[in-house]
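Enquirer: After the C-alpha cells below, expect a handful of questions from me.
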Amino acid sequence: MKKEVSICWLRRDLRLNDNNALFKALTGQYPVLPIFIFDPDILDKLSDKQDKRVTFIHRTLEQLNEILKQNGSALYVLHEGVEKAFQRLTDEYIVKEVYANHDYEPYAISRDLKIKGLLDSKGIPFKTFKDQVIFEKSDVMKSDGTPYTIFTPYSRKWKEKFSQGILTNFPSEEHFSALLRSREFAIPSLKELGFENTAQDFPELNITEERIRNYQDTRNIPSEEGTSQVSVQLRFGTLSVRDLVKLAVEWNEQWLNELIWREFFMMILYHFPNVVSESFKKKYDKIQWRNNEREFELWCKGETGYPIVDAGMRQLNETGLMHNRVRMITAGFLCKHLLIDWRWGEAYFAQKLLDYELSSNNGNWQWAAGSGCDSAPYFRIFNPTAQTLKFDPKLKYIKTWIKDFRVDYLYPVVDHEFARKRALEVYKKAVND
C-alpha cells in the first residue's frame, strides 16, 4: 500500500539543521521523505570524471543518510532526469506536497518551472522558500524599485534592512519525529554516477572568533589561513548562512561585507541573467581579445613565468581551491596581460573550483576584466611582481605550490610593461568607440 508523504527536495542546502524547506515540511501534515537527485543534465557537462565537487556531494549525502538512519528514516537518492525522478516518486508514493529551497541560477529556475508544471498537473503543491541568503531577488532595491548595480549603496541598504528585522532560524533538527519511517535506500556509487572517488581532503571548518576578528588583517595573505574557509560549505549549503551572518554581525563587519557581496552577485544574476554570456557593460564586448590558445594553456597549467600567477593556478588544479587575493591576480593577468576573453577564464574556474558558484564566479571575473557592474576601472592593472612583494614577500605561498621554484624557473610569457601598455590601448579603443 502506497504511503502518503511530503517530499523535501534537497539541492544546494545539504544539511538537516536550520533548513527552511525541511523545517516547513517537518512541521506540516504528512511524514517527510528527504530526497536528492543527481541530475544528468548537470553531471554530463562535467568533463573531469574525478570532479572533486561530486565527491564532496557524495560524501555529504552519506553523512546525512547516517543521521537520518539513526532517526529511523533514510535519504532517497535518485540518479535520473528530474522530471523522470518525480514521475517515479509519484508512482511509488502518494505525494501530498513537495518542499524545496529557492535556487537562483538560470538553469535551476527553468528546471523548477518544469517541475512545478508537472506537479500542478497532478494536483501536488510545490512550495519553495528562501534559505541560502538573507535577502533575495528584489528584497533589497533602490527607492525607485530598480535593482542596485553598485555594491556600496546595496550593502548600506542591506544592513539598514537587516537592522530593522529579526533573523529567524528554522530548527528542522528538532522535528525529526516527523520524518517518514522508511527502509534504507541504496545511494548510487560514484562509479554508477560515472565518476571516480578523489582522495581530496576538503577544507575543515575553522570558524574561530580570533580568526574572524582578525579577518581584515590576514585575508590578503595567501600563505596564511586567514580566511574563514566557508566558501565550499556555503556553496553546497552544508552551513546555514543565518548562523554565519550572526557571527559576522558580532565579530567583524568586513567579514559581513564578504557575505553581502555573495548576495549582491546573486541579485545581479537574478535581475540580469544575460551576464552569464555577455559583459554587464555592453561596450566591453567590443574588446579585441587576442585569445592566444598557447598562452591560455600556459595560464591554465601555471606556467606563465609569473610565480604568483603560477602558484595560484597550480593550487587550483591540485585542490580546487585558490586564495581570493590570488584569484584576483590570476584573473586580471589573463584578461589584461594576455588579453584573453574573461569568459575563457570564467569557464576554466567553473570546471575546477570546489566552491564554484555561477553568480560569484561570473561577478568576480567581470570585476577583474573591468566589464562588470561594480568593477575596477579598466586602467587598473595588477603588477604580479608588486603583488608578490606586498602579499607574499617571503615567497612562502609561491614555494608551497611551485615545488621546483627558483628565481629564473620559467621565462615570463609576456613583459609586464609591454602587456600593460597593450591592454590600455585595446581597452581604451573599445570603451571610447
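In the numbering used here, the protein residues as written are 588 to 1020. Glycine included, C-beta positions come from ideal geometry on N, C-alpha and C. Keep in mind the model is a prediction, meaning the values are calculated, not measured.
Check whether the segment 923-933 and the segment 801-812 touch, using three or more Cβ-Cβ pairs below 8 Å as the test.
Expert: Contact fails: fewer than three Cβ-Cβ distances are below 8 Å.
Enquirer: Would you check if there are 3 or more beta carbon pairs closer than 8 Å linking the segment 1008-1017 to the segment 963-971?
Expert: Segments in contact, yes.
Enquirer: Determine the direct distance from the alpha carbon of GLU649 to that of VAL863, and round the result to whole angstroms.
Expert: When rounded, the distance between both Cα atoms is 33 Å.
Enquirer: The beta strand (DSSP E) with ASN688 in it runs from where to where?
Expert: Counting along the chain, the beta strand (DSSP E) containing ASN688 begins and ends at 681-688.
Enquirer: Below 6 Å CB to CB, which residues in the same chain sit around VAL913 once its five sequence neighbours on both sides are set aside?
Expert: If we look at VAL913 and ignore the five residues flanking it on each side, its Cβ neighbours are PRO809 and GLY899.
Enquirer: Can you find at least 3 beta carbon pairs, one from the segment 720-738 and one from the segment 845-863, that sit closer than 8 Å?
Expert: Judged by Cβ distances under 8 Å, the segment 720-738 makes contact with the segment 845-863, as three or more pairs qualify.
Enquirer: When DSSP labels each residue in this structure, what does PHE673 get in the three-state scheme?
Expert: Three-state result, PHE673: helix.
Enquirer: Looking at the strands, I want to know which residues DSSP matches up with LEU597.
Expert: Looking at the DSSP assignment, LEU597 forms a beta bridge with PHE623.
Enquirer: On the three-pair Cβ rule with 8 Å, is the segment 753-768 touching the segment 637-649?
Expert: In short, these stretches do not touch, since the Cβ pair count stays below three.
Enquirer: Are there 16 or more other CB atoms within 10 angstroms of the CB of ALA934, so buried, or fewer, so exposed?
Expert: With fewer than 16 Cβ atoms within 10 Å of its Cβ, ALA934 is classed as exposed.
Enquirer: Taking a contact to mean a Cβ-Cβ separation below 7 Å, would you say PRO734 touches HIS858 in this structure?
Expert: Closer than 7 Å, so yes.
Enquirer: In or out: ASP788 buried (at least 16 other Cβ within 10 Å) or exposed?
Expert: ASP788 is exposed by the Cβ-count criterion.
Enquirer: Specify, as a first and last residue, the run of the alpha helix (DSSP H) that TYR663 falls within.
Expert: Here TYR663 belongs to no alpha helix (DSSP H); instead the beta strand (DSSP E) covers 663-666.
Enquirer: Looking at the structure shown, is THR755 part of a helix, part of a strand, or coil, going by DSSP?
Expert: THR755: coil per DSSP, three-state reduction.
Enquirer: Counting pairs of beta carbons, one from the segment 708-716 and one from the segment 817-825, are three or more of them closer than 8 Å?
Expert: In short, these stretches do not touch, since the Cβ pair count stays below three.
Enquirer: Under a three-way DSSP split, which group does LYS778 fall into?
Expert: Helix at LYS778.
Enquirer: For THR975, name the three-state secondary structure that DSSP assigns.
Expert: Looking at THR975 - three-state DSSP - the assignment turns out to be helix.
Enquirer: Determine the closest residue to ASP605 out of ASN652, ILE737, SER742 and ASP830, with distance taken between C-alpha atoms.
Expert: Residue ASP830 is the option with its Cα nearest to ASP605.
Enquirer: With DSSP as the reference, identify every bridge partner of GLU591, one or two as the case may be.
Expert: In the DSSP output, where bridge partners are listed per residue, GLU591 has ILE681.
Enquirer: How about HIS666 and PHE625: are their beta carbons less than 7 Å apart?
Expert: Contact: yes.
Enquirer: Fully enclosed by the segment 687-760, which alpha helix (DSSP H) runs are 4 residues long or longer?
Expert: Taking only runs of at least 4 residues, the alpha helix (DSSP H) segments lying wholly in the segment 687-760 are 693-708 and 738-750.
Enquirer: From this set, LYS636, CYS887 and ASP872, which residue's C-alpha is nearest ASN879's C-alpha?
Expert: Considering only alpha carbons, the answer is CYS887.
Enquirer: What does a CB cutoff of less than 6 Å around SER827 pick up in its chain, not counting 5 residues either side in sequence?
Expert: Hits under 6 Å: ASP605.
Enquirer: From the DSSP output, in three-state form, read off LEU766 for me.
Expert: Strand.
Enquirer: In terms of residue numbering, what span does the alpha helix (DSSP H) encompassing VAL1018 cover?
Expert: 1003-1019 is the extent of the alpha helix (DSSP H) around VAL1018.
Enquirer: Taking DSSP as the reference, what is the three-state secondary structure of PHE610?
Expert: If DSSP states are grouped into helix, strand and coil, PHE610 belongs with the helices.
Enquirer: May I have a chain-ordered list of the alpha helix (DSSP H) segments no shorter than 4 residues that lie completely inside the segment 907-972?
Expert: The segment 907-972 contains these whole alpha helix (DSSP H) runs: 911-919, 929-939 and 945-956.
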